[in-house]
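Trainee: Take a look at this one; I'll ask things after.
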Amino acid sequence: METDPSPLQPQTPDSSEEQQKEITSSPSKSSPPIASLSLSLSTNLLLSKPTPPVATAQPFAALPSRLKIPTQIFSLTRLSFSASSVSTPARPSNLSSSTPALLSSPSPFLRRRPADPSGGAAARRCTLLWFRCDLRTHDNEALTAASNESLSILPVYLFDPRDYGKSSSGFDKTGPYRATFLLQSVADLRRSLRARGSDLVVRIGRPESVLVELARLVGADAVYMHREVSHEEARTEERVEKAMESEGVEVKYFWGSTLYHIDDLPFELEQMPSNYGGFREKVQGLNVRKTIEALDQIKGLPSRGDVEPGEIPTLMDLGLNPAPAVTQVCAASLNLIYFFIVSLF
1 METDPSPLQP QTPDSSEEQQ KEITSSPSKS SPPIASLSLS LSTNLLLSKP TPPVATAQPF
61 AALPSRLKIP TQIFSLTRLS FSASSVSTPA RPSNLSSSTP ALLSSPSPFL RRRPADPSGG
121 AAARRCTLLW FRCDLRTHDN EALTAASNES LSILPVYLFD PRDYGKSSSG FDKTGPYRAT
181 FLLQSVADLR RSLRARGSDL VVRIGRPESV LVELARLVGA DAVYMHREVS HEEARTEERV
241 EKAMESEGVE VKYFWGSTLY HIDDLPFELE QMPSNYGGFR EKVQGLNVRK TIEALDQIKG
301 LPSRGDVEPG EIPTLMDLGL NPAPAVTQVC AASLNLIYFF IVSLF
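Counted from 1, the sequence shown has number 153 at position 153 by UniProt numbering; the numbering is strictly sequential.
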């Protein structure tokens, strides 16, 4: 699946329970511009007859890896999906060995930090590309920059145990419907990356631990990611920065959550208008950055480390009981959101 934060190409929702995307619209002569749009995509889109679960979920069961990451683009043509590869008795798990127990209390709020504290780099040896809420290959600045600036890249998606289980108020942090949509989105991203000569490494574990393990295995010298603003995601960024600093690995951020880029605003964030009228007056005439086209080919995977891609987990692997059947909604949801947003203009 490919998602986009712009009105014409929407973005895949976050893995948090009530993640919202805020989009600001440029003014036009024909009608008053819309300053912001808050979309909350319900994953209860398409439901069929409920199917009772056959087993109770056990949190974060170890998953076997079935495919081995190719080290060159052309070697993807030799990937085997035969039954013999599935029946192999011993396969490595995609559950990180350093995954600890779930946190019992929420993380404190953090102060907002600069959007991109580091500059560009040329000819990096290897870059870890951490996909978070940007599960798309088009209009993805982090992906484009990593492929342009690195000799090889290792795309990674992590299921953080802290995003599941119960919140401090007793509710599920991520319900089965939202989790189902997320699993489908990750699968769609993996297919898209494989079509471009890459792959997606999937793990269950805390980013500050798993990313360090992967960086050591492949000899990465940088981690590229899009910055998030929710307090739990921001706290995770703090932990990753600290862990990577001790390894001598640079962390580079990109911004892709709003229609107007945060660096293009004609005022400091601390001076953000508190009402629509004030915001409209300040951004009137401000251009929206052009959409970044998807790359036809992505830089190859690192030859060092022999990293297994791992399997995409199931609901039960994430500690969730199977919900009533949910149909495949990745491509359909893109069309639905596109039609909805375009109808506003």
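Just so you know, even glycine gets a beta-carbon here, dropped at the ideal spot from N, CA and C.
Owing to the predicted nature of the structure, the values given are computational and were not obtained by experimental measurement.
Under 8 Å by Cβ, that's how I've got LEU129 and PRO207 pegged, so tell me the actual separation to the nearest angstrom.
Mentor: Rounded, the Cβ-Cβ distance is 13 Å, inconsistent with contact.
Trainee: Below 8 Å on the Cβ atoms is my guess for ILE298 versus SER147; work out the distance and round it to an integer in Å.
Mentor: Yes, they are in contact, since the Cβ atoms of ILE298 and SER147 sit about 5 Å apart, within 8 Å.
Trainee: From GLU233 to PRO161, what does the alpha carbon distance come to, in whole angstroms?
Mentor: Roughly 13 Å between the two C-alpha positions.
Trainee: Rounded to whole angstroms, what is the Cα-Cα separation between LEU211 and ALA243?
Mentor: Roughly 9 Å separates the two Cα atoms.
Trainee: For ALA222, which three-state DSSP category applies?
Mentor: In the structure shown, ALA222 sits in a strand (DSSP, three-state: E or B).
Trainee: Just tell me which of ARG239, ALA215, GLN271, TYR260 has its CA closest to the CA of ARG304.
Mentor: The option with the nearest alpha carbon to ARG304 is ALA215.
Trainee: Just the Cα atoms here: how many angstroms apart are LEU259 and LYS252?
Mentor: Spanning the two alpha carbons is a distance of roughly 21 Å.
Trainee: Hey, could you find the ends of the beta strand (DSSP E) VAL240 is sitting in?
Mentor: Taken as a continuous stretch (DSSP letters only), VAL240 belongs to no beta strand (DSSP E), being part of the alpha helix (DSSP H) at 231-247.
Trainee: How far does the beta strand (DSSP E) with THR127 in it reach, from first residue to last?
Mentor: It spans 127-131 - the beta strand (DSSP E) in which THR127 sits, taken as one unbroken run.
Trainee: I need the straight-line Cα distance from ASP139 to THR291, nearest angstrom please.
Mentor: Each residue's alpha carbon lies about 5 Å from the other.
Trainee: Looking at the secondary structure, which residues open and close the alpha helix (DSSP H) in which VAL186 lies?
Mentor: Where VAL186 is concerned, the enclosing alpha helix (DSSP H) stretches over 176-195.
Trainee: On the premise that CYS133 lies in contact with GLU228, defined as a C-beta separation below 8 Å, what is that separation, rounded to the nearest angstrom?
Mentor: Yes, they are in contact, since the Cβ atoms of GLU228 and CYS133 sit about 6 Å apart, within 8 Å.
Trainee: Does the stretch 254-270 come close enough to the stretch 176-193 that 3 or more CB-CB pairs lie under 8 Å?
Mentor: Flag = no, the stretch 176-193 and the stretch 254-270 do not touch.
Trainee: So the candidates are SER209, SER257, PHE279; which of them puts its Cα closest to the Cα of GLU245?
Mentor: Here the closest residue by C-alpha is SER209.
Trainee: DSSP three-state label for SER150, please.
Mentor: Three-state DSSP puts SER150 in a strand.
Trainee: Which residues share a DSSP beta bridge with LEU298?
Mentor: The sequence shown places Ile at residue 298, rather than the Leu named in the question. Answer is none; ILE298 lacks a bridge partner.
Trainee: For VAL249, which residues from the same chain have a beta carbon less than 7 Å from its beta carbon, with the 5 sequence-adjacent residues on both sides left out?
Mentor: If we look at VAL249 and ignore the five residues flanking it on each side, its Cβ neighbours are ALA215, ALA220, ASP221, ALA222, VAL223.
Trainee: Would you mind giving the Cβ-Cβ distance between GLU311 and VAL202, rounded to the nearest angstrom? I have them listed as a contact below 8 Å.
Mentor: Confirmed, about 7 Å.
Trainee: In whole angstroms, what is the alpha-carbon distance linking GLU281 and SER274?
Mentor: Each residue's alpha carbon lies about 12 Å from the other.
Trainee: Do SER152 and PRO302 have their beta-carbon atoms positioned less than 9 Å apart in this structure?
Mentor: Cβ atoms of PRO302 and SER152: closer than 9 Å.
Trainee: Buried or exposed: where does GLU238 fall if 16 or more other Cβ atoms within 10 Å of its Cβ makes it buried?
Mentor: The residue is exposed, with fewer than 16 neighbouring Cβ atoms inside 10 Å.
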